[in-house]
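Participant: In this note's numbering, the protein residues as written are 4 to 374.
Virtual Cβ for every residue (Gly too), placed ideally from N, Cα, C.
My structure is below; once you've seen it, I'll send some questions.
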Ligand SMILES: Cc1ncc(COP(=O)(O)O)c(C=O)c1O
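Okay, structure coming up:
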């Protein structure tokens, strides 16, 4: 079991701050608050063993554009097991990112090296230097990165895949790519299938706002895909999850509207928090990030660096009032981040007046404490 801290843990926050579970505004995840409307589910979804139906396979192929895939109980499932199926080479990872990647490689005793997750030039330089050395290694890229929002173009990633030394794999976690599907490495089917050292992970729960369904996908070289699939067993995705996915993945009109709506909610969220960001980013002497326009953004979340003491105080202030934010301590990551934390905020539905009014109120109260 992973001991890492994740967003969305309202149960623990509730016990800690005495706010009932149903009363929280959860800004600690990157999950679409306007989730896909659940279809009515036939009893057979629950009664029969969940062999993958043609309807499910067709929906997955239609949405992701690739016929060969492994469906699993959330991409977390394959993040945990993938290192066990790849040759034991060193792995180059983002120094800040969904930390389950690092954790699962470390559990396999892999030698882990890091590139910067919020400095594009530095990360490109470290990765390309490593490629130039020509020694086998695996490269993990979270695109766009959660929590920093750093992203690379599909062309750049394809180029890196082509340059990977023999025996090394490029693993791209596209959990947050659904807002810009044209940037996914799966969008160029021919190029993707031509390369046999490329893995792409996709997550269903974030864009469709249904994280509890637990559904994810792995795309990659078909022989290894089969081996991993055999390891996961025949019923890696439950019946209700498959039925929901058939509806959601085929519903291109909902998807199109959702993309617009997420962007609008993200913009509204930035607007709402702007007065607070102006205050917290303009404190301290040696700020890493001072400019709101440079904040990390992946549609479903915004993030920026602030002093750790301020971040912890903000977290506490908001949590006492039933608003859960995410604070990621930079201390363990890199020397230049010591004393700083990344504040990451998910989005809310801007049309939910009760939620936005409450947020507005908590933000105003918090700003008063800074003056
Ligand atoms: C970047 C990234 N990848 C993968 C996951 C795992 O998501 P899931 O298991 O729901 O597909 C997460 C969850 O937050 C994530 O942030």
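Whose CA, out of 321, 130, 363, lies closest to the CA of residue 271?
Facilitator: That would be 363, whose Cα lies nearest to the Cα of residue 271.
Participant: Tell me which residue opens and which closes the alpha helix (DSSP H) that residue 348 is part of.
Facilitator: Residue 348 -> not in any alpha helix (DSSP H); beta strand (DSSP E) instead, spanning 343-349.
Participant: With a threshold of 7 Å on Cβ separation, who are the neighbours of residue 355 within its own chain once the five nearest residues in sequence on each side are excluded?
Facilitator: Here the set comprises nothing.
Participant: Counting C-beta neighbours from all protein chains within 10 Å, is the total for residue 263 16 or more, i.e. buried, or is it exposed?
Facilitator: The residue in question, residue 263, is exposed, as its Cβ has fewer than 16 Cβ neighbours within 10 Å.
Participant: Taking the alpha-carbon of residue 50 as reference, which of 353, 365, 243 has the nearest alpha-carbon?
Facilitator: Of the candidates 353, 365, 243, the one whose C-alpha sits nearest the C-alpha of residue 50 is 243.
Participant: Let me confirm a value: residue 231 is counted as buried when at least 16 other C-beta atoms fall within 10 Å, else exposed. Which label applies?
Facilitator: So residue 231 ends up on the buried side.
Participant: When every heavy atom of ligand 1 is checked, does at least one fall within less than 7 Å of the C-beta of residue 247?
Facilitator: Checking the Cβ of residue 247 against ligand 1 gives no.
Participant: Would you report the Cα separation of residue 189 and residue 175, rounded to the nearest angstrom?
Facilitator: Answer to the nearest angstrom: the Cα atoms are 11 Å apart.
Participant: Based on DSSP bridge pairs, tell me the residues matched to residue 118.
Facilitator: According to DSSP, which records beta bridges pairwise, residue 118 is partnered with 97.
Participant: Closer than 8 Å is the cut-off here; do at least three beta carbon pairs connect the region 196-204 with the region 223-230?
Facilitator: With a cut-off of 8 Å, the region 223-230 and the region 196-204 count as touching, because enough Cβ pairs lie within range.
Participant: Does DSSP classify residue 356 as helix, strand or coil?
Facilitator: Correct three-state label for residue 356: helix.
Participant: Going by CA-CA distance only, name the one from 302, 261, 129 that's closest to residue 179.
Facilitator: It is 302 whose Cα lies nearest to the Cα of residue 179.
Participant: With distances taken Cα to Cα, identify the nearest neighbour of residue 313 among 344, 327, 325, 304.
Facilitator: Per the Cα distances, 344.
Participant: Taking the continuous beta strand (DSSP E) assigned at residue 205, which residues delimit it?
Facilitator: Here the beta strand (DSSP E) through residue 205 covers 201-206.
Participant: Starting from residue 233 and walking both ways along the alpha helix (DSSP H), at which residues does that stretch end?
Facilitator: Where residue 233 is concerned, the enclosing alpha helix (DSSP H) stretches over 225-235.
Participant: Looking at residue 178 and ligand 1, is the gap between the Cβ and the nearest heavy atom below 7 Å?
Facilitator: Yes, the beta carbon of residue 178 sits closer than 7 Å to at least one heavy atom of ligand 1.
Participant: Between residue 81 and residue 331, what straight-line distance do the alpha-carbon atoms span, to the nearest angstrom?
Facilitator: Going by the C-alpha atoms only, they are around 24 Å apart.
Participant: Going by C-alpha distance, which of 251, 26, 347 is nearest residue 61?
Facilitator: Out of 251, 26, 347, 251 has the C-alpha closest to the C-alpha of residue 61.
Participant: Could you say if the region 80-100 and the region 137-154 meet the contact criterion of at least three C-beta pairs nearer than 8 Å?
Facilitator: Judged by Cβ distances under 8 Å, the region 80-100 makes contact with the region 137-154, as three or more pairs qualify.
Participant: Measuring alpha carbon to alpha carbon, tell me which of 43, 136, 266 ends up nearest residue 246.
Facilitator: Answer by Cα proximity: 43.
Participant: Which stretch, first to last residue, makes up the beta strand (DSSP E) that contains residue 329?
Facilitator: Residues 329-332.
Participant: Work out the CA separation of residue 24 and residue 131 for me, nearest whole Å.
Facilitator: When rounded, the distance between both Cα atoms is 46 Å.
Participant: With 16 other CB atoms within 10 Å as the buried threshold, where does residue 223 fall?
Facilitator: Per the 10 Å Cβ criterion, buried.
Participant: With distances taken from CA atoms, which of 111, 137, 144, 194 is nearest residue 126?
Facilitator: Here the closest residue by C-alpha is 144.
Participant: Residue 338: buried (16+ other C-beta within 10 angstroms of its C-beta) or exposed?
Facilitator: So residue 338 counts as exposed.
Participant: Does residue 52 pass the burial test, meaning 16 or more other C-beta atoms within 10 Å, or should it be called exposed?
Facilitator: With fewer than 16 Cβ atoms within 10 Å of its Cβ, residue 52 is classed as exposed.
Participant: For ligand 1, I want to know if residue 145 counts as a neighbour, meaning its beta carbon is within less than 7 Å of at least one of the ligand's heavy atoms.
Facilitator: Because some heavy atom of ligand 1 lies under 7 Å away, the Cβ of residue 145 counts as near it: yes.
Participant: Skipping 5 residues on each side, what residues in its chain have a beta carbon closer than 7 Å to that of residue 347?
Facilitator: 150, 304, 306, 329, 331, listed in sequence order.
Participant: From residue 124 to residue 197, what distance separates their C-alpha atoms?
Facilitator: Rounded to the nearest angstrom, the two C-alpha atoms are 28 Å apart.
Participant: Alpha helix (DSSP H) containing residue 84: first to last residue?
Facilitator: Run containing residue 84: 78-84, per the alpha helix (DSSP H) assignment.
Participant: Is any non-hydrogen atom of ligand 1 found closer than 7 Å to the C-beta of residue 214, if you look at the structure I gave you?
Facilitator: Under cutoff, so the answer is yes.
Participant: Who are the Cβ neighbours of residue 291 in its own chain at under 6 Å, not counting the five residues just before and after it?
Facilitator: Confidence at residue 291 is low in this model, with a pLDDT of 44, below 50, so its placement is unreliable and the value that follows should be read with caution. If we look at residue 291 and ignore the five residues flanking it on each side, its Cβ neighbours are 308, 343.
Participant: When the Cα of residue 35 is compared with those of 369, 353, 372, which residue comes out closest?
Facilitator: That would be 353, whose Cα lies nearest to the Cα of residue 35.
Participant: Answer with buried or exposed for residue 181, where buried requires no fewer than 16 other C-beta atoms within 10 angstroms of its C-beta.
Facilitator: Burial call: buried.
Participant: Write down the C-beta distance between residue 116 and residue 95 rounded to the nearest angstrom, noting that I regard them as a contact closer than 8 Å.
Facilitator: Rounded, the Cβ-Cβ distance is 5 Å, consistent with contact.
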